[in-house]
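Written out below as structure tokens is the structure these notes cover.
In the working numbering, the protein residues as written are 24 to 184.
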């Protein structure tokens, strides 16, 4: 703020909900794009539909869980949006997720970030399938990645910003 950076260029982020609520209340121009990072490691730790609605009611606009929280498998074994992703969208929240290229090897199921869709992951190309579901079906605003070339390549091919 003191440096004159436009709030539209700032995506303040925190795993502490109180930080995000502070920005919303005391720095509303910056709080509009504040990102509430979710550090849940297992499905039981993820917020339910009512809690996600509560985030929106408190003014939180962007929820950012790990990728696995947003992906599931349908009965045919295809990667689809998870119930948590659908609940967040129904609550009116935008979504950012993390981290696309931290898990290797993909041939072994993808590890932590793909834990909800391990049975559908057996090669490096499945990362692009997951990214496509996140972009097209979940409708994420963005994806954090340790290697941004893949996300950038996908966005350019799909005509995304």
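Just so you know, even glycine gets a beta-carbon here, dropped at the ideal spot from N, CA and C.
May I have the straight-line CA-CA distance separating residue 160 from residue 104, to the nearest angstrom? Rounded to the nearest angstrom, the two C-alpha atoms are 6 angstroms apart.
Supposed close pair residue 163, residue 102 - CB separation, criterion 8 angstroms: No, residue 163 and residue 102 are not in contact; Cβ-Cβ is about 14 angstroms, not under 8 angstroms.
Per the DSSP calculation, residue 59 is bridged to which residue(s)? Within the DSSP bridge table, the entry for residue 59 names 37, 86 as partners.
What residue from 95, 91, 106, 52 has the CA that sits closest to residue 84's CA? Its Cα nearest to that of residue 84, the residue 52 stands out among 95, 91, 106, 52.
In terms of residues, what are the limits of the alpha helix (DSSP H) holding residue 3? Within the shown structure, residues of the chain are numbered from 24 to 184, placing residue 3 beyond reach of any answer.
Cβ shell of residue 56 (< 6 angstroms), same chain only, five flanking positions each side left out: Taken in chain order, the residues that qualify are 34.
Where residue 30 and residue 45 are concerned, what is the direct C-alpha to C-alpha distance, given to the nearest angstrom? If I take the Cα positions, the gap works out to 15 angstroms.
Thinking C-beta only, is residue 153 closer than 8 angstroms to residue 110? Remark: C-beta atoms of residue 110 and residue 153 do not approach each other more closely than 8 angstroms.
Could you tell me which residues DSSP pairs with residue 104 in its beta bridges? Checking the DSSP bridge columns, you'll see residue 104 partnered with 94.
Rounded separation between residue 25 and residue 49 - CA only: Each residue's CA atom was taken as its position, placing residue 25 and residue 49 some 15 angstroms apart.
Out of 78, 134, 146, 137, which one is the CA nearest neighbour of residue 39? Residue nearest to residue 39 within the set 78, 134, 146, 137 is 78 (criterion: CA-CA distance).
Where does the unbroken beta strand (DSSP E) through residue 64 begin, and where does it stop? Element bounds for residue 64: n/a, residue is neither H nor E.
How many angstroms separate the CA atom of residue 175 from the CA atom of residue 93? Cα-Cα distance, rounded: 20 angstroms.
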